[in-house]
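Protein chains in written order, with our numbering: chain A, 1390 to 1540; chain B, 1390 to 1540.
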């Protein structure tokens, strides 16, 4: 692994741990996927699963320095879609903008497909994305998820 | 770490992976805790979480060669109790008897407390414990969990 990708991976893990801590503080039960070299196993696990009051949130985590269009590989979307379907939960891309708005959550229903069959979060969707507090309000039944995702 | 405890740990991981595979095959979304050296992080994670149709099952995994009384430390029980309370799920000790009945699941409500405040699964409770198929039937709403746990 190059020094650059090792650094990128380390940053990714730090951000995942931060999100786990924030969700735990908000009262969620949170689990992070095994991170060790076992790529085959990791392949089917989401980065993070957070559960509260029986509401299940499944996350693929992305981190960027500044707001931008974010590309997501189709296998990563398929993975969290399958997991959340089995679980009876909802799948999101969790985005941390390090020099900006902090954490935002984009339901996979709002992803745009690219010509090659991958996905992207547009800047527009990034702006409309849910905050941590909105996720908590959904889990606490203060707001329905359908406020954010058209059925 | 001694050779013996390294071997024990390896056996434990193999058994956890086996349970993950079995639950996945039954249609559950399954996640195993990060296993790497990070003991502090592992401290609050259950060994395995399995979810189906919004039903959440939280496991601490134990493995024995033959049926016997199984002792569980209070901090391990507290951990899965807290996690399942946050999640809105149910906590179990998952026991694999390697030369015997295979996997059995004991709801933590059925544990007996020891004089020192730890817990044990008695041989009687091990015999009454749920099978993998019974867990699946609960998740599929074919049987209510209250068939197995008195409210």
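Where a beta carbon is used, it is the ideal one built from N, C-alpha and C, also for glycine.
On the DSSP bridge assignment, give the partners of residue 1492 of chain B in chain order.
B/1485
Short of 7 Å Cβ to Cβ, which residues in the segment 1456-1474 of chain B face chain A?
1472
Please classify residue 1410 of chain A as buried or exposed, where buried requires at least 16 other C-beta atoms within 10 Å of its C-beta.
The residue is exposed, with fewer than 16 neighbouring Cβ atoms inside 10 Å.
My output table needs one value for residue 1531 of chain B: the three-state DSSP class, helix, strand or coil.
coil
Check whether the segment 1448-1466 of chain B touches the segment 1476-1488 of chain B, taking contact to mean three or more Cβ pairs, one atom from each stretch, closer than 8 Å.
yes
With H, G and I counted as helix, E and B as strand and the rest as coil, what does DSSP make of residue 1505 of chain B?
coil
Check whether chain A comes within 8 Å of residue 1401 of chain B, counting only Cβ atoms and requiring the distance to be less than that.
no
Return yes when the C-beta of residue 1398 of chain B is under 7 Å from any heavy atom of the ligand ADP, and no when it is not.
You won't find the ligand ADP in this model; it holds no ligand whatsoever.
Would you please verify whether the beta carbon of residue 1440 of chain B is less than 8 Å from any beta carbon of chain A?
Residue 1440 of chain B has a beta carbon lying within less than 8 Å of a beta carbon in chain A.
Which of helix, strand or coil does DSSP assign to residue 1537 of chain B?
coil
For residue 1502 of chain B, which residues of its own chain have a beta-carbon under 7 Å away from its beta-carbon, when the five flanking residues on both sides are left out?
1508
Is DSSP giving residue 1444 of chain B helix, strand or coil here?
Three-state result, residue 1444 of chain B: strand.
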